[in-house]
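The block underneath contains the structure these notes are about, expressed in structure tokens.
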Amino acid sequence: MVNQKISAFSIRRLNPFNGVLQVFSTENARALSGNGVVWEIQVLSDTPQGLWANMPFNGKEFYIFGRWTVGSGLQQVPVNPLFNVRDMIASAEQLITALSPVIDDLPFPMADIYEQWLLDEQSLAPVALLTSCRNAGEMSRCDGAKWIAAERGDFSFISARLLEREQPNDDGYNPRVHASILEALVRHRGGQHHRRAWFKHNPDGTYSQCNEGPPKLLPWTFPELPVTEDWEDEEARRLVADYIAWRAPQLLQLHGLSPAIRERLERIAVTQAEAVERLWRLYPEIHNKDLLNSARVEAKIRSTNRN
Numbered sequence: 107m108v109n110q111k112i113s114a115f116s117i118r119r120l121n122p123f124n125g126v127l128q129v130f131s132t133e134n135a136r137a138l139s140g141n142g143v144v145w146e147i148q149v150l151s152d153t154p155q156g157l158w159a160n161m162p163f164n165g166k167e168f169y170i171f172g173r174w175t176v177g178s179g180l181q182q183v184p185v186n187p188l189f190n191v192r193d194m195i196a197s198a199e200q201l202i203t204a205l206s207p208v209i210d211d212l213p214f215p216m217a218d219i220y221e222q223w224l225l226d227e228q229s230l231a232p233v234a235l236l237t238s239c240r241n242a243g244e245m246s247r248c249d250g251a252k253w254i255a256a257e258r259g260d261f262s263f264i265s266a267r268l269l270e271r272e273q274p275n276d277d278g279y280n281p282r283v284h285a286s287i288l289e290a291l292v293r294h295r296g297g298q299h300h301r302r303a304w305f306k307h308n309p310d311g312t313y314s315q316c317n318e319g320p321p322k323l324l325p326w327t328f329p330e331l332p333v334t335e336d337w338e339d340e341e342a343r344r345l346v347a348d349y350i351a352w353r354a355p356q357l358l359q360l361h362g363l364s365p366a367i368r369e370r371l372e373r374i375a376v377t378q379a380e381a382v383e384r385l386w387r388l389y390p391e392i393h394n395k396d397l398l399n400s401a402r403v404e405a406k407i408r409s410t411n412r413n
């Protein structure tokens, strides 16, 4: 593969937060993975419309070509016969040839350095990370999202504190009551106008303001996690703590966490042993290897018992 331009980076999966996505790309294909094991292979190809002589050419797009793992190789999905399958196979093979030697280098460097934060309406302190992007030119296309705790079809966030208060997660009308309560709590901090602003996350950990608005914030005012733990109300703090505990295995994928935060998340995450086993390859650092290895062993035992 001569003179192929290769790019390898990671981006956060936000709104709702669901870990970090690894991206490895060549000029004609890319591979995406949320766990470092299973990679979705996408190939750049002419759109089907452009392959008909009597139809307008619509340019090139990425199409899912298959899934690849080191152990199983490429499992190709059915491909529209209008595509040039031979070229797509060649592009996929070139991609996999380039990707295979760097699997052990995961995770890739974080690239989504432009961040949009929901701001507290009064103090202008950052409350929750709404979205992010790699380039300043992408900010306008990513603007305007409200903070989401979980996907609409995901009912798995259950707050221990809300259960203590006898608040069920399914009230007969809403099967994700706890997520809805958390979303309302976080959004309320931004006020009626949903106050937000874009910042650039610099390599030294500081932030630079990207647009006019509130004054430049000091580096230590930004939460290390995608949602602030700074709440005046004890009930709010406990609800957010439940959310962080629920997402701990995914939060450990974040770059730049302080040792104290990472150690705390590891202690919480091991209660979800199977999630840790699925995601650990994308942890930039591991504070307590013995603790996480024990969780991985537990996950493997559970998997064996099920089978």
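When the letters of the sequence shown are read in order and numbered with the numbering used here, they come out as residues 107 to 413.
We put the CB at the ideal spot given by N, CA and C, even for glycine.
The structure displayed is predicted, hence computed values, not measured ones.
Pick out the complete beta strand (DSSP E) segments inside the region 270-358, 3 residues or longer, and give them in chain order. 302-307 and 313-315
If we ignore side chains and look at the alpha-carbon of each, how far apart do GLU391 and HIS284 end up? Indexing the sequence shown from 1 puts residue 391 at position 285. Indexing the sequence shown from 1 puts residue 284 at position 178. Taking the straight line joining both Cα atoms gives about 31 Å.
Roughly how far, in whole angstroms, is the beta-carbon of ALA242 from the beta-carbon of CYS316, given that I think they are within contact range, below 8 Å? On the sequence shown, residue 242 is found 136 positions in, with the first residue counted as 1. On the sequence shown, residue 316 is found 210 positions in, with the first residue counted as 1. Contact flag correct, Cβ pair sits at about 7 Å.
With 16 other CB atoms within 10 Å as the buried threshold, where does ALA366 fall? To locate residue 366, count along the sequence shown from 1; it is residue 260. The residue is exposed, with fewer than 16 neighbouring Cβ atoms inside 10 Å.
Of all the options PHE171, ILE195, PHE305 and GLN182, which has the alpha carbon lying nearest to the alpha carbon of TRP223? Position 117 of the sequence shown, counted from the first residue, corresponds to residue 223. Ranked by Cα distance from TRP223, the options PHE171, ILE195, PHE305 and GLN182 are led by PHE305.
What are the residues that DSSP puts in a beta bridge with MET216? If you number the sequence shown from 1, residue 216 lands on position 110. Beta-bridge pairing links MET216 to SER116.
Buried versus exposed call for THR377 [16 or more other C-beta atoms within 10 Å across all chains shown]: In the sequence shown, the residue the question calls residue 377 occupies position 271. So THR377 counts as exposed.
Note down, one range per segment and in chain order, each beta strand (DSSP E) of at least 3 residues found wholly within the region 184-211. none
With a threshold of 16 other CB atoms inside 10 Å of the CB of GLU383, please say whether the residue is buried or exposed. For the purposes of this step, residue 383 is taken as residue 277 along the sequence shown, with counting starting at 1. With 16 or more Cβ atoms within 10 Å of its Cβ, GLU383 is classed as buried.
Using DSSP with H/G/I as helix, E/B as strand and the rest coil, what is LYS252? Residue mapping note: residue 252 aligns to position 146 of the sequence shown, counting from 1. Coil.
Under DSSP, the alpha helix (DSSP H) around SER400 begins and ends at which residues? Within the sequence shown, numbered from 1, the residue matching residue 400 stands at position 294. Note, SER400: alpha helix (DSSP H), 395-412.
PHE126 classed as buried or exposed, judged by whether at least 16 other C-beta atoms fall within 10 angstroms: Translated into the one-based positions of the sequence shown, residue 126 becomes position 20. Looking at the sequence itself, residue 126 is Val, so the reference to Phe does not match. VAL126 should be labelled buried.
Do THR132 and LYS111 have their beta-carbon atoms positioned less than 8 Å apart in this structure? Walking along the sequence shown from the start, residue 111 turns up at place 5. Walking along the sequence shown from the start, residue 132 turns up at place 26. Yes.
Please state if the CB of GLN182 and the CB of ALA135 are separated by a distance shorter than 8 Å. Reading the sequence shown from its first residue, position 29 is the one you call residue 135. Reading the sequence shown from its first residue, position 76 is the one you call residue 182. Not closer than 8 Å, so no.
Rounded C-alpha distance that separates MET194 from VAL149: As a position in the sequence shown, residue 194 is number 88, starting the count at 1. As a position in the sequence shown, residue 149 is number 43, starting the count at 1. Distance between the alpha carbons of MET194 and VAL149: 6 Å.
Nearest to ASN190 (by Cα), restricted to the options THR203, ASP210, SER178 and TYR169: As a first step, residue 190 must be located in the sequence shown, where it is residue number 84. Looking at the Cα atoms, TYR169 is the closest of the given residues.
Taking C-beta to C-beta, are PHE123 and PRO332 nearer than 8 Å? Locating residue 123 in the sequence shown gives position 17, counting from the first residue. Locating residue 332 in the sequence shown gives position 226, counting from the first residue. Closer than 8 Å, so yes.
Less than 8 Å separating the beta-carbons of VAL143 and ARG173? Stepping through the sequence shown from its first residue, residue 143 is reached at position 37. Stepping through the sequence shown from its first residue, residue 173 is reached at position 67. Contact flag unset, no.
Based on DSSP bridge pairs, tell me the residues matched to SER238. Position 132 of the sequence shown, counted from the first residue, corresponds to residue 238. DSSP, once it has assigned bridges, lists GLU221 as partnering SER238.
Using the Cβ count rule (16 or more neighbours within 10 Å means buried), how would you classify ASN394? Counting from 1 along the sequence shown, the entry for residue 394 is found at position 288. Looking at its Cβ environment, which holds fewer than 16 other Cβ atoms inside 10 Å, ASN394 is exposed.
Cα-Cα separation between ASN121 and SER206, rounded to whole angstroms: Residue mapping note: residue 121 aligns to position 15 of the sequence shown, counting from 1. Residue mapping note: residue 206 aligns to position 100 of the sequence shown, counting from 1. ASN121 and SER206 have their C-alpha atoms spaced approximately 31 Å apart.
Quick check on GLY435: buried or exposed, where buried means 16 or more other Cβ atoms within 10 Å of its Cβ? Residue 435 lies beyond the stretch modelled for the chain, which goes from 107 to 413, so this question has no answer here.
Excluding sequence positions up to five away, which residues of its chain have a Cβ less than 8 Å from the Cβ of ALA204? Indexing the sequence shown from 1 puts residue 204 at position 98. MET107, GLN110, ILE112, PHE130 and THR132, listed in sequence order.
Counting pairs of Cβ atoms below 8 Å between the region 250-270 and the region 285-298, do you hit three or more? The region 250-270 makes contact with the region 285-298; the number of CB pairs closer than 8 Å reaches 3 or more.
If you count every other CB in all the chains shown that lies within 10 Å of the CB of TYR279, and 16 or more means buried, which is it? Your numbering for residue 279 matches position 173 in the sequence shown. That one is exposed.
Who does ALA137 pair with in a DSSP beta bridge? For this step, residue 137 is matched to residue 31 along the sequence shown. PHE130 and ILE147.
ALA351 versus GLN228, ALA231 and ALA381, residue with shortest Cα-Cα distance: For the purposes of this step, residue 351 is identified with residue 245 of the sequence shown, where counting begins at 1. Nearest option by C-alpha distance: ALA381.
Determine, for GLU369, whether the minimum Cβ-Cβ distance to residues of chain B falls below 8 Å. In the displayed structure, chain B is absent; only one protein chain is listed.
Specify the secondary structure class of PRO232 as computed by DSSP and reduced to three states. Locating residue 232 in the sequence shown gives position 126, counting from the first residue. It is a strand residue.
For ILE147 and ILE202, I'd like the C-alpha separation in whole angstroms. To locate residue 147, count along the sequence shown from 1; it is residue 41. To locate residue 202, count along the sequence shown from 1; it is residue 96. Taking the straight line joining both Cα atoms gives about 9 Å.
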